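Step one of this worksheet: look at the structure below.
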Amino acid sequence: MSFPWAKHYEPKQPLMRWLDEKLPMPRLVYNAIGAGYPVPRNLNYFWNFGVLAGAALVIQIVTGVVLAMHYAANAGVAFGSVESIMRDVNAGWFLRYAHANGASMFLAVVYIHIGRGLYYGSYKAPREMVWLLGVVIFLLMMATAFMGYVLPWGQMSFWGAQVITGFFSAIPLVGETIRVWLLGGFAPDNAALNRFFSLHYLLPFVIAGVIILHIWALHIPGSNNPTGVDVKGEQDTVPFHPYYTAKDGVGVGVFFLVFALLIFFSPNLLGHPDNYIEANPLSTPAHIVPEWYFLPFYAILKSFTADFILPAKLWGVVAMFGSILLLFFLPWLDSSPVRSANYRPTYRWFLLVLLIDVLVLGYVGGAEATARNVMIGQIAAAYYFAHFLIILPLVSAAEKPRPLPNSITEAVLAKHGGTSPAQTAMAG
Amino acid sequence: MATADDMIPPGENPAPYHEEAHDPRRRDFINIAAVSFAGVGAVAIVLPLINQMNPSADVLAQSTTEVDISKIEPGQAIVASFRKQPLFVRNLTPKEIGEADAVAVSSLRDPQTLEQRTKAGKKNWLITLGVCTHLGCVPLGAREGENRGPFGGYFCPCHGSAYDTAGRIRQGPAPKNLAVPDYNFTSDTVVTVG
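Line order of the protein sequences matches chains A and B.
Under the UniProt record's numbering, the first residue of the first sequence carries the number 1, and numbering increases by one thereafter.
Under the UniProt record's numbering, the first residue of the second sequence carries the number 1, and numbering increases by one thereafter.
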């Protein structure tokens, strides 16, 4: 599952040799993220974000397990226990702020990671399975983030749970029954809070499992690269360690700088003040909005306001889930054989428009439902679907790509002084 | 150790040696039966795992509520609690009843008359759940001074659904009228809901 020139694991220490015979775990690590994994030599900093997502998951699991030692999943005391973590538990404020902002950091790096995949065509053959598993991880993350947000049992927690479980009541005939079954009651209450806590604790480990599959599937073809051109020979790659462990280390440093700024200087920047009010089933906050990372999807949900054959509510829910499920079909919607958008002059512009479109959806998702905002949201939601279902297939059929470099090495050398590989080979 | 010389029991001969070998063979049947038996057992175990998610007995036990309506003047409404959900009890004014009756029922998204949504002879008592049928927010309009929306009934701040004076959906994304729970008047001033 690697290139033939990959370095072989040869333990020199007798203890490590002994271990390698009984349980070749160091060998597995060496071949997965060590010197035994050859990686294209031209990766830019956008390739840091997979490792950053992994680091964020570890932070969430460590802080989360510790928070669970102090949190009480009971509707009567949950809000108070979170306040006690903030005020009474030693360093509790730090753990909770790290966990709450860690979720935002996790989603942020994952969005950049997904954007990297879209720009450089990492979803295309032979890496479709890597992409599909990535979408599964994204869905699991959304479920985990939602259920985690319910646990503090503030007003936004409660009404978020009410609205999101309300999605299921849009299903014809059995919807309301499913909603009551999911909640274990007629409105979010103790039963719902307890099961959300249980699943919120479970799902990160499921995510970790799917990440292992994601990396496994990645290591069969090997990593993509900014040119999108396949690795042709040993001169195109460098070992993951020490080259990319060092480069990823830089990214991890920057990640922690941003993370520290959030935790120590504005820990509530991304939260909502209403969530510091205890859940009240009889009073809805004036303006319910999800966390920032759900806003574009929330905008799609909100943009269906009139019935068309099916009820508007069902359309909204179907479109919102559809906007993510659509990503499962992306490898087959884009038929262009060229991976990297650097060589796709038309697609590149449409991808920029898509990015702006998603940002507009994010704005509309958080804004009040005025007539103007609803209309902007409807146009932006329509464009989102049009990008994947109409523009992308047409562009990939009609576009004339720029000439690709013959190899990764040629592209790298052309960038640094313009010497051709032949000359370099002679000089070397 | 099986060898080629071993006796093959009758009825289990592989096809090339025995023309009458039928599919499934006896051994396949035992295999299918054993797996099916385990499968039925597995399904039987899944049932309680699914059922535990349903509302428990103590949640269902909270399913009736008595509401005292003696203090509600015409034009006023109160918010009570029913199954941990808000319950709107409104005493409609004659003007509000008139507005509700003036609407052509066929033009409504969820066609119902005010009569169908109230008890006979108690047309002024509009009792509905305070749960927007879109995604479950509590609509505004039951408390003093709240925005009652363009149709003078209730207005949901979450996604802008507007209900009229009979609690019927008139505008916005909600698919249904505000739900009318089962209830009856135990006296002129007390309503039992549920």
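Idealized CB from N, CA, C, for every residue including glycine.
The structure presented is a predicted model; accordingly, all values stated were derived computationally and were not measured.
Neighbouring residues, chain A, relative to residue i (Cβ below 8 Å)
| i | result |
| --- | --- |
| lysine 84/B | Gly185, Phe186, Ala187, Asp189 and Pro281 |
| serine 106/B | The contacting residues do not exist; serine 106/B stays about 15 Å from chain A at best. |
| valine 79/B | Leu282 |
| arginine 109/B | Asp307 |
Local Cβ density within 10 Å of residue i, reported as buried at 16 or more and exposed below that
| i | result |
| --- | --- |
| arginine 96/A | buried |
| phenylalanine 158/A | buried |
| histidine 416/A | exposed |
| tryptophan 315/A | buried |
| asparagine 44/A | exposed |
| alanine 98/A | buried |
| alanine 246/A | exposed |
| valine 105/B | exposed |
| lysine 313/A | buried |
| phenylalanine 308/A | exposed |
| threonine 305/A | buried |
| glycine 194/B | exposed |
| alanine 425/A | Below a pLDDT of 50, predicted positions are generally treated as unreliable, and alanine 425/A, at 45, falls in that range; the measurement from the model is reported next regardless. Alanine 425/A is exposed by the Cβ-count criterion. |
| methionine 320/A | buried |
| valine 412/A | buried |
| glutamine 13/A | exposed |
| leucine 15/A | exposed |
| proline 345/A | exposed |
| glycine 428/A | Any reading at glycine 428/A needs caution, since the residue's pLDDT is 38, under 50, leaving its predicted position unreliable; the model's value is listed next. With fewer than 16 other Cβ atoms within 10 Å, it is exposed. |
| arginine 90/B | buried |
| arginine 372/A | exposed |
| methionine 1/B | Low confidence applies here, because methionine 1/B scores a pLDDT of 49, under 50, leaving its location unreliable; read the following figure in that light. With fewer than 16 other Cβ atoms within 10 Å, it is exposed. |
| glutamine 60/A | buried |
| valine 58/A | exposed |
| asparagine 42/A | buried |
| glutamate 66/B | exposed |
| valine 191/B | buried |
| aspartate 248/A | buried |
| asparagine 147/B | exposed |
| lysine 22/A | exposed |
Under 7 Å between C-beta atoms of residue i and residue j
| i | j | result |
| --- | --- | --- |
| alanine 170/A | histidine 159/B | no |
| valine 180/B | arginine 117/B | yes |
| alanine 174/B | serine 161/B | yes |
| methionine 156/A | asparagine 275/A | yes |
| threonine 237/A | valine 51/A | no |
| glycine 185/A | valine 131/B | no |
| glutamine 112/B | asparagine 184/B | no |
| glutamate 291/A | phenylalanine 79/A | no |
| isoleucine 50/B | threonine 189/B | no |
| alanine 75/A | leucine 183/A | no |
Under 7 Å by beta carbon: chain B residues contacting residue i
| i | result |
| --- | --- |
| tryptophan 181/A | Met53 and Asn54 |
| isoleucine 288/A | Cys137 and Cys158 |
Proximal chain A residues relative to residue i, where beta-carbon distance stays under 7 Å
| i | result |
| --- | --- |
| proline 173/B | Phe304, Thr305, Ala312, Lys313 and Gly316 |
| arginine 90/B | Going along chain A, no residue has its Cβ under 7 Å from arginine 90/B, so there is no contact; the nearest lies around 16 Å. |
| valine 180/B | Simply none; closest approach about 15 Å. |
Per DSSP, the bridge partner or partners of residue i
| i | result |
| --- | --- |
| glutamine 85/B | Phe82/B |
| alanine 162/B | Phe155/B and Gln171/B |
| glycine 154/A | Glu278/A |
| tyrosine 183/B | Val193/B |
| threonine 65/B | Val193/B |
| tryptophan 292/A | Bridge partners of tryptophan 292/A: none, in fact. |
| proline 126/A | For proline 126/A, which the question treats as bridged, DSSP gives no partner whatsoever. |
| tryptophan 125/B | Asn91/B |
| alanine 192/A | In DSSP, alanine 192/A forms no bridge with anything. |
| valine 238/A | Val39/A |
| alanine 77/B | Arg90/B |
Per-residue contacts from residue i into chain B (C-beta, under 8 Å)
| i | result |
| --- | --- |
| glycine 166/A | His134, Leu135 and Gly136 |
Beta-carbon neighbours of residue i, restricted to chain A and to distances below 9 Å
| i | result |
| --- | --- |
| valine 59/B | Gly184, Gly185, Phe186, Asp189, Asn190 and Ala191 |
Short CB-CB distance (under 7 Å) between residue i and chain E
| i | result |
| --- | --- |
| glutamate 115/B | Reference to chain E is not applicable here, since the protein chains of this structure are A and B. |
Give me the subset of the stretch 142 to 169 of chain B whose CB atoms are less than 7 Å from a CB atom of chain A, sorted by chain position.
Pro157, Cys158, His159 and Gly160
Got a sec: which bits of the stretch 310 to 343 of chain A sit with their beta carbon under 7 Å from any beta carbon on chain B, in order along the chain?
Pro311, Ala312, Lys313 and Gly316
*asked:* Which residues of the stretch 151 to 162 of chain A have a Cβ closer than 8 Å to any Cβ of chain B? Give them in chain order.
replied: Trp159 and Gln162
| said: Taking beta-carbon pairs under 7 Å, can you tell me which members of the stretch 367 to 395 of chain A lie near chain B? | reply: Ala369
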